[in-house]
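So for the sequence shown, this note's numbering puts the first residue at 67; every next one is plus one. The structure appears below as structure tokens.
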Amino acid sequence: MTTVSQFDTQTVRLWNAPQPDTFAQVNFPRPFTAPPRLAHGIRQLDVDKSANIRVKTAIENITQTSGVYHITSWADTTLYSGIVDSLNLAPANLEFLTGEHIRNLCADPKAAASTRIIFERPFLTSPKVLVFFNYIDLDNNHNWRLKTTATEIDADGFTLNIETWGDTILYAAQACWIAYPEDRAHIFSTSVDTQEIRHLDKPQLQQSKSIGFGAVEFWKNPNVFVAWNMFDLGCGANFRLKAYVDNVTQKGLTWHIDTWADTVLYSAGATIIAVN
């Protein structure tokens, strides 16, 4: 069994009452027979520009029925709001593998942008691999540019990349990954990018696109996990970015990647996973 859960800080407090650690118990849509594996990623943040962009998500006290979801900032960072999604994987569902990798340039200034991930169990053929962020720490004096990708995928593993460009200063970032057989039924996954709609040098607040599930069949409208895998934002205003979907049917959905107020969004990308 695979389900999707979400935690929004604004279910606990108002956006204009920021605090370093906002958390709540989130009940899973259905109970598991044992505590599930929870792959989690950030889908929305609003962080003040006056300090470094430091945010991470974590899930603790995981039981068969719930977990305590945290969205946390530290030092002098002001976190106004955030949303984290989790893909909840039954422990007995051995078709799915998941893990995390952090590139921490504070601890190791020479930490490589790419690392080889070896699966704990090999697949029969090259699997589908999805990646997304659940921890970012970026300097606030330069534009915020960060991306994660999975390359060189084979049955035994893949290369996980966490990269930046331009004059961005990255202190640390963590990517979560999920791998599953390419021919797995009743699951659709993809990576989407605002540059499918417009060029990065023509920033706008809102962008959306409708996509179909192709040959993937669902017997009801699927639950959908969304998390960022790339962003390029100007540092002259607050860090505001959200990714979400609507118009979800058995045949497809509409994805959105937006900002608001005076934030300049050059480009951004998200990982989307739809499951029954």
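No residue lacks a Cβ here, since even glycine has one placed at the ideal position from N, Cα and C.
Local Cβ density within 10 Å of residue i, reported as buried at 16 or more and exposed below that
i: Ser276; result: exposed
i: Cys301; result: buried
i: His322; result: buried
i: Thr315; result: exposed
i: Trp243; result: buried
i: Ser147; result: buried
i: Asp267; result: exposed
i: Ser116; result: exposed
i: Asn289; result: buried
i: Leu271; result: exposed
i: Ala245; result: buried
i: Asp249; result: exposed
i: Ala141; result: exposed
i: Ala83; result: exposed
i: Ala179; result: exposed
i: Asp298; result: buried
Distance CB(residue i)-CB(residue j) smaller than 7 Å
i: Thr77; j: Pro95; result: no
i: Thr144; j: His167; result: no
i: Thr191; j: Ala216; result: no
i: Asp312; j: Thr320; result: yes
i: Arg109; j: Asp151; result: yes
i: Val197; j: Asn295; result: yes
i: Phe291; j: Leu153; result: yes
i: His265; j: Asn200; result: no
i: Phe279; j: Gly318; result: yes
i: Ala293; j: Thr325; result: no
i: Thr214; j: Ala241; result: yes
Same chain, Cβ closer than 8 Å to residue i, neighbours up to 5 away in sequence not counted
i: Ile235; result: Leu204, Asp205, Asn207, His208
i: Asn159; result: Met67, Thr68
i: Cys172; result: Asp203, Tyr237, Ala238
i: Gln273; result: Thr260, Ile263, Arg264, His322, Ile323, Asp324
Sequence-distant residues of its chain with Cβ nearer than 6 Å to residue i (five each side left out)
i: Ser139; result: Pro86, Arg120, Val121, Leu145
i: Val113; result: Ile119, Leu145, Phe305
i: Val282; result: Phe254
i: Gln72; result: Asp151
i: Trp81; result: Tyr146, Ser147
i: Ala340; result: Phe254, Pro288, Val290
Other residues of its chain near residue i: CB distance less than 7 Å, five sequence neighbours each side excluded
i: Phe284; result: His252, Gln316, Asn342
i: Ser132; result: Gln91, Val92, Asn93, Phe94
i: Gln367; result: Lying before the first or after the last residue shown, residue 367 is absent from the chain, which here runs from 67 to 342.
i: Phe89; result: Val134, Tyr135, His136
i: Gln130; result: Pro97, Phe98, Thr99, Ala100, Pro101
i: Leu104; result: Ile125, Ile128, Gly133, Ser152, Asn154
Distance between beta carbons of residue j and residue i, contact taken as under 8 Å
i: Pro193; j: Pro157; result: Their Cβ separation, rounded to whole angstroms, is 19 Å, which puts Pro193 and Pro157 out of contact at 8 Å.
i: Val330; j: Ala309; result: Val330 to Ala309, Cβ: 17 Å. No contact.
Does the region 218-232 come close enough to the region 248-261 to have 3 or more Cβ pairs within less than 8 Å?
-> no
Determine contact between the region 162-173 and the region 76-91, defined as no fewer than three beta-carbon pairs at a distance below 8 Å.
-> no
Can we say the region 97-106 touches the region 171-188, given the rule of at least three CB pairs closer than 8 Å?
-> With contact defined as three or more Cβ pairs closer than 8 Å, the region 97-106 and the region 171-188 are not in contact.
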